[in-house]
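Here the structure comes first, spelled out in structure tokens, and everything after it is commentary.
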Amino acid sequence: MSTPPSKGRIVLVHLYPREMSIYGDLGNTRCLAARIRRHGYECVVHDHHPGMPLPEQTHLFMGGGGQDSGQSRVEDDLAVIGDRLHGLASDGTPMVMICGMYQMFGHAFITHDGVDLPGLGILDVTTRGQSTRMIGGIVLDTGFGEVVGFENHSGATMLGSGQQPFGQVRAGFGNNGVDGTEGARTHNVIGSYLHGPILPANPRVADALIAAAAERATGRPFEPAELDDSVADEARIRQIRRLLSTSAKSAKSAKGAKSAKGGWVSSR
Amino acid sequence: MAIAAGKLTRAATRIRGGGSAFPGLVAERVDPAILTRTLASVTGGIVVVTGTNGKTTTTKMLTAIIRAHGRRVFTNPTGSNFTRGVISAMLGQIGLAGRLDADVAVLELDEWHALRFAEVVTPTHALLLNVARDQLDRFAEIDTTARLLADLAGRTAHLVVLNRDDSFVFRIAASVPDKHIRYFGVDPQVAGQVPSLHEADVRFEDRAAPPAPTPDDGLLRPVDGRDFTIRFGDRTVGPLALRQRGLAAMVNATAAATMARAVLGEDFRTDVTEAVLREVTAPFGRGEVIDADGQPLELVLVKNPAGFTVALSTYGNEPVATMIAINDDYADGQDVSWLYDVSFEALRAHGVAMTSGRRAYDMALRLNYDEVTVEQIEPDLQAALEAFLTAYRGQPTRIFCTYTAMMSLRRLLAARFDLAGFAQEGQ
Ligand SMILES: [Zn+2]
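If you read the protein sequences in the order shown, they are chains E and B.
Okay, so the first sequence: first residue is 921 according to our numbering, each after it adds one.
Okay, so the second sequence: first residue is 104 according to our numbering, each after it adds one.
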């Protein structure tokens, strides 16, 4: 069996796999690398650890959620590579940042005790620490169609006035449990609270990121192969159906209980 | 009064065949000091066993070793590892006078309940096994879990046994300078040849290491996949093989032997320990084997990435027909993301015959990304089990399953193979 010639070489950078890769976010890197190869490209996965230099060529970035200890460890390094990330982001480099890294791609994280931890400001969002956790299955409407995942965060994120969200919440909490938005999207940068992990469950999002990365890597339009996503589709459709039917039920009962207040009622 | 009330409830729930935690709840509500008073009569040691993985197995082994040395041991054997489960078990063993007929108490408690317990009763000994992410700890970060164990060590009166291979655990020694510390783990002389079972602690920059072993520390040396020894200085337990397979069980045996030696002191005997360890049977869901029409069917409970990874490194390469059943009810953990923190490559050579449970398709998708072929996907457990056993009739089979999937499968298997009591066990 001979391997067909590679359509090009894509460098995927996983930011802080040790510190910021909780709740299966590593699955996003596995998924991207596997799909890049299945589409006929070569994939180089570069694990970026604090203190290391970034490779010269980078085409795609992935960052995940972490614990507080992980977050404080990477802050110093982000300050070092921040300018480079800014430049790459505004130049159209695709990036997917989940949970903790999404928060750090925003302007600031304001802790419980009012401490203001500055972020990179690549996304126009600000996050506040809360005592209650937003946790559970989540369904969104996005520019990539319906997207499903699992959120688990205590930070409540507000979008700046011009900031586009990643999606609209149909079941679950999203950015803050109040305004119905989830995540943020600027250029080809996606920030989101969706674990699950998000990319294997939603291959259209993965392929959109890969398409942008392939274009940057080769200078030619993306040349996708036909991949069989029937199992992913079945998994996603089943989970969306379940979550929407539970959220419809609880919305009904919540409506009965709080109808006088009006406004958007969180499904959980 | 509290004891009489609890005993009555216990008798009543026994008749109904109910769970083990309920009567304890009643007594705890009536008199929360019941634990302190009753355990005060236990003078040979109050030992708490905690950590993310291996509590039940280790507790069972430790209890058996101490009993074989002639001590009367009170334990909470049902795997209901909560403080009220402890009270519930206690009520079955005490007279109305409130005296527990035991020299030593060996209690399996999860990290959170271990600390709650220690607030009421000061343990004399604590055995801290490991810290791993568990999707059941929905609100806890792994650092929080490590802190709970450190607090427990601080509340332990006499001696703490730590895992020298788990950096979350051996680092606890620094926070309790006034306690006696002993360690168990893989013999440093062979450590390079043994795969790591633990997650890395990223809280600190330094590459900390535990101190050099002393003759009081139990060191595991695997001989092959089944045989191993536990070395204490120049005394050795084994070589022996456990009934339960795999490296994790060997580590649990090492932990149990180390704690037994700490509790028994000069009375600890390597030959007695060896004989007991050979005979200990696997607890519920930890590699139980059922006779399925003359062929072994093995049920393996998987609840978190570390546990699933260990299970796969134990069994994964064997050419046994494999089914994986993943549910996402509350007791399983509703987030199935953790499946992406497990590497399934060990299953690549032989593939997976069936995925089942509520998240059967998500499991199949996960396997697809590790290039593991899946023959069939059937979310309905009953239909899946039927198809799986029919397709592989006359061959050994193995099912990896989450908690609620296991409970359902036990009921189905009990009915199918006429196994009395099997469905209820371990509830
Ligand atoms: Zn999160």
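The beta-carbon is built from N, C-alpha and C at its ideal position, and this holds for glycine as well.
Coil, strand or helix - residue i by DSSP
i, result
"residue 95 of chain B", "Residue numbering for chain B in the displayed model covers 104 to 530; residue 95 of chain B lies beyond these limits and cannot be assessed."
"residue 963 of chain E", "strand"
"residue 151 of chain B", "strand"
"residue 981 of chain E", "strand"
"residue 443 of chain B", "helix"
"residue 284 of chain B", "strand"
"residue 1134 of chain E", "helix"
"residue 128 of chain B", "Note that residue 128 of chain B scores 45 on pLDDT, short of 50, meaning its location in the model is unreliable; the coordinates nonetheless yield the value given after this. DSSP places residue 128 of chain B in helix when its eight states are reduced to three."
"residue 1106 of chain E", "strand"
"residue 974 of chain E", "coil"
"residue 364 of chain B", "helix"
"residue 133 of chain B", "Confidence at residue 133 of chain B is low in this model, with a pLDDT of 41, below 50, so the placement of that residue should be treated as unreliable; the coordinate-derived value is given next. Three-state result, residue 133 of chain B: helix."
"residue 271 of chain B", "helix"
"residue 1027 of chain E", "coil"
"residue 196 of chain B", "coil"
"residue 1183 of chain E", "Residue confidence is low: residue 1183 of chain E scores 26 on pLDDT, short of 50, so the model does not pin down where it sits. Its coordinate-derived value is still stated next. The answer is coil: DSSP assigns residue 1183 of chain E none of H, G, I, E or B."
"residue 1017 of chain E", "strand"
"residue 995 of chain E", "helix"
"residue 254 of chain B", "helix"
Min CB distance residue i to chain E below 8 Å
i, result
"residue 433 of chain B", "no"
"residue 467 of chain B", "yes"
"residue 418 of chain B", "no"
"residue 286 of chain B", "no"
"residue 156 of chain B", "no"
"residue 129 of chain B", "Because residue 129 of chain B sits at a pLDDT of 43, beneath the cut-off of 50, its placement in the model cannot be relied upon, and the following sentence gives the value as read from the coordinates. It does not; no Cβ of chain E falls within 8 Å."
"residue 245 of chain B", "yes"
"residue 215 of chain B", "no"
"residue 251 of chain B", "no"
"residue 430 of chain B", "no"
Option nearest residue i by Cα separation, candidates the options
i, options, result
"residue 551 of chain B", "B:426, B:189, B:284, B:279", "Limits of chain B in this structure are 104 at one end and 530 at the other, which puts residue 551 of chain B out of reach."
"residue 1068 of chain E", "E:1044, E:1103, E:994, E:935", "E:1103"
"residue 1075 of chain E", "E:1045, E:979, E:977, E:998", "E:1045"
"residue 1130 of chain E", "E:973, E:978, E:944, E:925", "E:978"
"residue 92 of chain B", "B:271, B:267, B:350", "No statement about residue 92 of chain B is possible, as the shown extent of chain B runs from 104 to 530 and does not include it."
"residue 457 of chain B", "B:448, B:428, B:472, B:442", "B:428"
"residue 924 of chain E", "E:944, E:939, E:936, E:962", "E:962"
"residue 1000 of chain E", "E:1093, E:1147, E:1039", "E:1039"
"residue 492 of chain B", "B:506, B:511, B:335, B:519", "B:519"
"residue 255 of chain B", "B:402, B:521, B:151", "B:151"
"residue 508 of chain B", "B:463, B:478, B:476, B:471", "B:463"
"residue 420 of chain B", "B:291, B:349, B:483", "B:349"
"residue 147 of chain B", "B:479, B:170, B:411, B:379", "B:170"
Whole-Å CB distance - residue i paired with residue j, under 8 Å assumed
i, j, result
"residue 440 of chain B", "residue 1070 of chain E", "6 Å"
"residue 499 of chain B", "residue 398 of chain B", "5 Å"
"residue 932 of chain E", "residue 953 of chain E", "6 Å"
"residue 363 of chain B", "residue 197 of chain B", "The pair is not a contact, with the Cβ atoms about 24 Å apart (cut-off 8 Å)."
"residue 1091 of chain E", "residue 1043 of chain E", "That pair is no contact at about 24 Å."
"residue 1015 of chain E", "residue 1108 of chain E", "7 Å"
"residue 265 of chain B", "residue 158 of chain B", "The Cβ separation is near 15 Å, so there is no contact."
"residue 203 of chain B", "residue 141 of chain B", "5 Å"
"residue 437 of chain B", "residue 1057 of chain E", "7 Å"
"residue 515 of chain B", "residue 502 of chain B", "At roughly 11 Å, the Cβ-Cβ gap does not stay under 8 Å, so residue 515 of chain B and residue 502 of chain B are not in contact."
"residue 1144 of chain E", "residue 959 of chain E", "5 Å"
"residue 249 of chain B", "residue 271 of chain B", "4 Å"
"residue 930 of chain E", "residue 1133 of chain E", "5 Å"
Cβ-heavy atom distance, residue i to ligand 3, below 7 Å
i, result
"residue 1019 of chain E", "Because ligand 3 does not appear in the structure shown, any question about it cannot be addressed here, the ligands present being ligand 1."
8 Å Cβ cutoff, residue i in contact with chain B
i, result
"residue 950 of chain E", "yes"
"residue 962 of chain E", "no"
"residue 943 of chain E", "yes"
"residue 1067 of chain E", "no"
"residue 1186 of chain E", "With a pLDDT of 28 at residue 1186 of chain E, under the threshold of 50, the predicted position of this residue should be treated as unreliable, though the coordinate-derived value follows. It does not; no Cβ of chain B falls within 8 Å."
"residue 1072 of chain E", "yes"
"residue 946 of chain E", "yes"
"residue 1154 of chain E", "yes"
"residue 954 of chain E", "yes"
"residue 1088 of chain E", "no"
"residue 1158 of chain E", "yes"
"residue 1083 of chain E", "no"
"residue 1050 of chain E", "no"
"residue 1116 of chain E", "yes"
Any C-beta of chain A under 8 Å from that of residue i
i, result
"residue 1057 of chain E", "No chain A appears in the structure shown, which is made up of the protein chains E and B."
Is the segment 374-386 of chain B in contact with the segment 316-330 of chain B, if contact means three or more CB pairs nearer than 8 Å?
-> no
Do the segment 1119-1131 of chain E and the segment 1147-1162 of chain E make contact, defined as three or more Cβ pairs closer than 8 Å?
-> yes
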